[in-house]
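Numbering (the working numbering), first residue to last: 213 to 331.
Built from N, CA and C at the ideal position, the CB exists for glycine as well.
One structure is given below, encoded as structure tokens.
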């Protein structure tokens, strides 16, 4: 059976408080690689992700699981990075539209950011 493709995306804009996203990735990837099923996962990551990177990253890696880690806003936007490394808000609808076209292989999308759950 082919390995399950997992893509971790994270962003930590320079004008925001620091997050321990590399540590989070290392812990998750380490757990996936420790078990008897470690060969069942093909793990990739990208950091300092800008919105325009989504299509290229998803086309290159064709993830079945896409995990985003970063900052969010109370309005539900996710904060990616702009060309200067500062926060660039992306609305949930814009993200959904981008992923609909870019991540057709994705079966699961995880959003790990403050305020990423809107009741």
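Whole alpha helix (DSSP H) runs in the stretch 238-317 with 4 or more residues, listed along the chain?
265-273, 304-314
Quick one: measure Cβ to Cβ for residue 299 and residue 307, integer angstroms, because I've assumed they're closer than 8 angstroms.
About 15 angstroms separates the two Cβ atoms, so there is no contact after all.
Can you name, in chain order, every residue of its own chain whose Cβ lies under 7 angstroms from the Cβ of residue 217, other than the five neighbours on each side?
254, 273, 274, 275, 276
Anyone know if the C-beta pair for residue 267 and residue 318 falls short of 8 angstroms?
no
Considering just the uninterrupted stretch of the beta strand (DSSP E) at residue 215, what are its terminal residues?
That residue, residue 215, is in no beta strand (DSSP E); it is neither H nor E in DSSP.
Could you tell me the alpha carbon to alpha carbon distance between residue 293 and residue 287, rounded to whole angstroms?
17 angstroms
Alpha carbons only, please: which of 248, 327, 247 is nearest the one belonging to residue 284?
327
Just the Cα atoms here: how many angstroms apart are residue 265 and residue 249?
30 angstroms
Buried or exposed by the 16-neighbour rule on C-beta atoms within 10 Å, applied to residue 242
exposed
By Cβ distance, which residues of its chain are closer than 7 angstroms to residue 301, with the 5 residues on each side in sequence left out?
285, 289, 291
Any idea which residues DSSP pairs residue 320 with across the strands?
Looking at the DSSP assignment, residue 320 forms a beta bridge with 277.
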